[in-house]
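Right, one structure below, let's go through it.
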Amino acid sequence: MKRNYHLQSRTSEKRHYFGIRRLKVGVASVVIASGFLFGGAQLVKADETKATTSPATETVSAANSEALPKPADEAKAEEVDSSAQKESEQKGNIEKSAQPEAVVNQAAQPTEGADSSAILEAAGKEAKETAASDEKEKPASTDQSETSTKDAIADGHMRFHFKNLPSENLDSLGLWTWDDVETPSGQKGGWPTGATSFATAKKDDYGYYLDVKMAEKRSKVSLLINNTAGQNITGDKTVELLSPQMNEVWFDKDYNPHTSEPLKEGMLRINYYRTDGQYDKKSLWLWGDVQNPGQNWPDGVDFEKTGKYGRYVDVPLKEAAKMIGFLLLDESKSGDDVKIQKQDYNFANLGKTSQIFLRDADPTVYTNPYFVNDVRMTGAQHVSLTEIEATFSTLENAKKEDILKNLKITNKDGGEVTVKDVVLDPKNKSAKLIGDFNQAQSPYLIKYGNDQFKTSMNWQLKDSLYKYDGDLGARVSQAGKQVDLTFWSPSADQVDLVVYDKEDQNKVLGRIAMQKGESGTWTGSLTPKSGLGLSDYRGYFYHYEISRGGKKVLVLDPYAKSLAAWNSEDADKGDTYKIAKAAFVDPSEYGPKDLTYATIPNFKKREDALIYEAHVRDFTSDPAISKDLKSQFGTFSAFIEKLDYLKELGVTHVQLLPVLSYYFVNELKNAERMDKYASSNSNYNWGYDPQNYFSLTGMYSSTPTDPAKRIEEFKNLVNEIHKRGMGVIMDVVYNHTAKTSIFEDLEPNYYHFMDADGTPRTSFGGGRLGTTHYMSRRVLVDSIKYLTEQYKVDGFRFDMMGDHDAESIQKAFEEAKKLNPNLIMLGEGWKTYAGDENKAVQPADQSWMKSTDTVAVFSDDIRNTLKSGYPNEGTPAFITGGKRNVEDVFKNIKAQPTNFEADSPGDVIQYIAAHDNLTLFDIIAQSIKKDPAVAANNQEIHRRLRLGNLMILTSQGTPFIHSGQEYGRTKQFRDPAYKYPVSEDKVPNKAHLLTNEDGTPFEYPYFIHDSYDSSDAVNHFDWTKATDAEKFPENAKSHAYMKGLISLRKSTDAFTRSSKAEVDQNVTLITQPGKDGVEKEDLVLGYQVVASNGDIYAVFVNADKKERNFNFGEAYKHLAGAEVVADGNSAGVSAIANPAGVTRSSNGLTLAPLTATILRIKKASPAQEEKPQDTSKDIQQNQPQGSVKELQKEQSHSPKLSNKLVQVPSTSPSSESQKPLAAKPQQDKVSPTETASTEKVLPKTGTETSLLAILGASLAFLAGLLTFRKKQ
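Heads up: the sequence shown begins at 1 in the UniProt record's numbering, then just goes up one per residue.
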């Protein structure tokens, strides 16, 4: 097979350099052999010149790598855009010769009755007269600070400028757009691949920019920057298009939008546009917070510089400037006539804009070059019977009188309604309009200036009129003979119940009209007398059919307790197929009758939890175990058969990726294996596209067509996990749905967070559930209560929890805690909240952790510090060779991240791997650029993996383990057709191409980073690697190491302190930067923890590629007598007699490269009653650390590593030390019970006078001599 990659070429200079190195190696071989023969076996060390190393920051798509593929429609769009751009450039070059750029954007939208046609005519006039007028005026300098872009903006396009991007790896970033763009990103492809890649971005003086084709009719555009991992980096941004001529927007370093290019801090640019083009003798008189106020009236500052918006003056401001004042002058006149505008101009919004705009004698100071008044109405909502809420572009410096003067409200019949008062809220850019706004007279038309909006019935008004606390959904009783239904939809004109056959879910048995009930509800009952010919409704299916405004829509009951088998491939067939059908079931009838909450040994607080994340299908989809399974693979029942593995590993909680109904899947084909490698178009899903929050998916049921079976089988799984002393955590996704229509069809403009105009806010292709709204919050809280009570689960993990308000999550926690006192909650606390526009609340994100001790959040800080992550995933971090601030690493160990405040260790979920992104094994391989196909590389990756696992499991807070993290799970794309890089159009979806240090690709170089649409071949849990020590010894060693660490953690409370005060008192840093050779940023760490019973533990980590010494000093001299319970090979609760990679001395220790150790001093009886299984003997304690030898060998040959020879410590107590790295009293490494020797000798491996050794050395000398002559 042809290999589609090329080795990097070397210049003749580089070849010469390497030739010299080969000569040096030949000479060195003679010298070394001579040394062994004549020098009494003395160790010779020599420094080599290092080759130039590559930058620390990794680019996944290297120069010789293939870029990620673009969706076909995006590629086509780019081709169209490119041709349009070229045409525009040609056209633009011709136009520029006849018309100054400063005039192009001046055909602005007028305000307050200005004559638009007059302005357009004036702009044309200026274009013709510019040359003549310039001759009459003094020369105007051309602006050198304006951003220069050679390519014109094509018609119908918007250019987005970015001061900086969140990552230098442009291939990993995308611009996701929606609203008034020609093709929203969601139509180009699924999240996040539908985004326009920044790999196509261009660069100018300001930064990177992208052009996007806009819709023909456009008023706003929304966007965000995401990455290939699916993270919303910038948060949602919306830009109001102020004028039809507006075709550029600039984003500053904080991603705030600007209509003109932001200038450097401390500078204000005052732009002046004159329709007559006459700028001679026109100037500015300045005062206020300016560095150079006017001195000699009326000698002002002339408008000498020409920019794209006319003439301008740059005004240096004082530090912390708040306000400036100025006058426009015409110095050709005298007296009061010198003032072009008689009134003073005052501007106080200096912190938010760096350019302002004036025109002719207009008294308004504009903050945009389109001369559109800043105070513009953007929406209006009917929020109560006495209040309408209007939102504005800004209300800073706005006056109530001005708002009232320009405001007019009429009812649906056109009658004018009196506004009794206006309450301005500048912070939230909203105004409460007070009056008599009866619902019967709605909708109301609100006019302000040139803006007008019809009110919609806001969620707040619906809450005040229709909030409902009664039962919802279908309640089955009397063995299926009675069904009572309640459905909430205040705006519905009629709701009917459509019943389908249990044997054929598409066969309609009949329709039953429901009755309008209280508070916007619709009710109905089914009995044997309902006319459907049924006496037992269990197992039959139903939809609600809503009639509203002359239209009908079929919807899924949001409170459905089970569903018909779902196939999203049929969704386009018609209304009855587009959403799942609910099932009539009584969940209490199914599953074990003795199901109750878990009793977990020694689990008393959330810090005691050890969470293990697993996907139901992945856990049993490995073909290697197919013969052992009694149940269908990939099901709840099959999962039970492998539970003993998790019990033996020692975890306390099993967290299951979403098991509630999700949208994009064909449940009817769940028994089909997907053994061929694929990363797209697979009948596989992680489940983060929810369809219902009460029903289980049928994907993990042995019989998806039976709505009762999935309930029974999941309850059995929960019961069996409980029997083994573990709890169950459900991964839940309330922040968004798969489709906006799932809730929007139920009750429009209610269930979702909304923009000011009532438009639902979306995320990941679906609607953002607006949990601040009463009935939306009920969905979340009722779902949590139901799942806890019905399935007896022990916790919840909230996807994108930062999208929710904290009050809703707190309410859910309190309600669930009443049912299960031992329940725990955690979530993704990223700061992504985008609730109702201008309705600020406390989000359930990381910022909440300083004021709550109920729910925990994931710490991206420890993840990024130890192994890298967003936005620089794949760059070297602490365990992959990237030096980190030692004190910051320690803070993370203490569960005190540097990027948010946690007032309790339990607030912090400590993790370095989860289902998102590359697996831990794969990210290490990417970071260190070493192909695991090479045995030595595989060993090194595992050593680094064990370092990371040790640091997580000895941290305070709650540790979290990704399934397979314990053995080194990989998602390498091992399809023979992809053994070498392929052309760009064939690159697997969601794949990173990994390369070695020299730029050559790995064997099978593609690794899948987000495998939610990949086949079983990619996703399966590899049971052979996890359990077969003979075939996979390194994987087995890592598995046993994790098992031992868990056992150790559970044996003491030293690592599970429950308060910040306890942590601060009992967890201390040993490796102080600036002492004993420890740098501020380093690859070593040492810390001590003390248990409540006085037991002392000390953890030392050497993530360096060379030996490192650790000095106990006076403060920690007691550690000299400690026992070792973890070394380079094993970990557990029993002392290790001969620790591997650890050399002890009377006042410190030395660790071999990539080695960690845990010391223990027992002071009293065990801190906890549990006596965990000792796993330190699962692997041979005294086995030589061959992997370290491989690293030593690598160091002596690779120019990228230190060229000092590293002496690998022997596991024998008599092993001697090499020269310490830190400046400290010279000593030897000895056991505390031995006497140090001052003589430096090699480890004794035989008799002191060996004839064989002399003979070997002689032969080496002769070989070296021959090599030397050959080189010459």
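Every residue, glycine too, gets a C-beta built ideally from N, C-alpha and C.
Predicted, not measured: the structure shown is a model, and the values here were computed from it.
- Just so you know, the alpha carbons of L170 and G235 end up roughly 18 angstroms apart.
- N1019 sits close to S621, with the two beta carbons spaced by under 8 angstroms.
- Residue environment analysis places D1064 among the exposed positions, since fewer than 16 neighbouring C-beta atoms fall within 10 angstroms of its C-beta.
- V365 and R359 have their C-alpha atoms roughly 9 angstroms apart.
- Note that the region 967-980 touches the region 675-683; at least 3 beta-carbon pairs, one per stretch, sit closer than 8 angstroms.
- Scanning its chain for C-beta atoms nearer than 6 angstroms, with the 5 sequence neighbours on each side dropped, one finds around D689 the residues Y662, Y663, F664 and A738, in chain order.
- Runs of beta strand (DSSP E) with 3 or more residues, each lying fully within the region 419-457, are found at 421-425, 430-434, 445-448 and 451-454, listed in chain order.
- Excluding the 5 residues flanking it on each side, N349 has same chain C-beta neighbours closer than 8 angstroms at T367, E396 and N397, in chain order.
- With distances taken between CA atoms, L629 lies nearest to W1023 out of S283, T705, G1141 and W1023.
- Within the same chain, and ignoring the five residues on either side of F921 in sequence, the residues whose Cβ sits closer than 7 angstroms to its Cβ are I941, L945, G968, R969 and T970.
- Cβ-Cβ distances below 6 angstroms link K811 to V781 in the same chain, with the five nearest sequence neighbours on each side left out; the list follows chain order.
- By the CB criterion at 8 angstroms, V1125 and V1133 fall inside the cutoff.
- The C-alpha of A492 lies about 27 angstroms from the C-alpha of D179.
- Of the candidates F371, V616 and K709, the residue whose Cα lies closest to the Cα of I729 is V616.
- By the neighbour-count criterion, in which a residue is buried when 16 or more other Cβ atoms sit within 10 angstroms of its Cβ, S983 is exposed.
- Going by DSSP, S547 is part of the beta strand (DSSP E) stretching over F541 to R548.
- In the three-state reduction of the DSSP assignment, P1001 falls in the strand class, which pools E and B.
- F639 is not a Cβ neighbour of L526, given a cutoff of 8 angstroms.
- In chain order, I434 place their CB closer than 6 angstroms to the CB of D421, counting only its own chain and leaving out the 5 sequence neighbours on each side.
- Rounded to the nearest angstrom, the gap between the Cα atoms of M849 and G1086 is 27 angstroms.
- Out of G999, Q965 and E966, the CA that lies nearest to the CA of P981 is found in G999.
- With a cutoff of 8 angstroms on beta-carbon distance, E807 and M754 are scored as not near each other.
- F347 places its beta carbon less than 8 angstroms from that of M323.
- Between I909 and T958, the CB-CB gap stays under 8 angstroms.
- Excluding the 5 residues flanking it on each side, I611 has same chain C-beta neighbours closer than 6 angstroms at H653, Q655 and F960, in chain order.
- A Cβ-Cβ separation of about 20 angstroms leaves L826 out of contact with M951 under the 8 angstroms criterion.
- Between V886 and I1096, the alpha-carbon positions lie close to 21 angstroms from each other.
- Note that the region 455-473 does not touch the region 423-433; fewer than 3 beta-carbon pairs, one per stretch, sit closer than 8 angstroms.
- In the three-state reduction of the DSSP assignment, V221 falls in the strand class.
- Within the same chain, Cβ atoms closer than 7 angstroms to the Cβ of S783 are found at Y693 and F694, the five residues on either side in sequence being excluded.
- Contact between T196 and K220 does not hold, since their C-beta atoms are separated by about 18 angstroms, which reaches or exceeds 8 angstroms.
- Nearest Cα to A199 within the set D205, P192, L210 and W191: L210.
- Residues of the same chain with a CB within less than 6 angstroms of the CB of E966, apart from the 5 flanking positions on each side, are H1039 and M1042 in chain order.
- Cβ-Cβ separation between H722 and T740: approximately 38 angstroms, too far for a contact (criterion under 8 angstroms).
- The three-state secondary structure of S963, taken from DSSP, is coil.
- Note that the region 475-482 touches the region 534-542; at least 3 beta-carbon pairs, one per stretch, sit closer than 8 angstroms.
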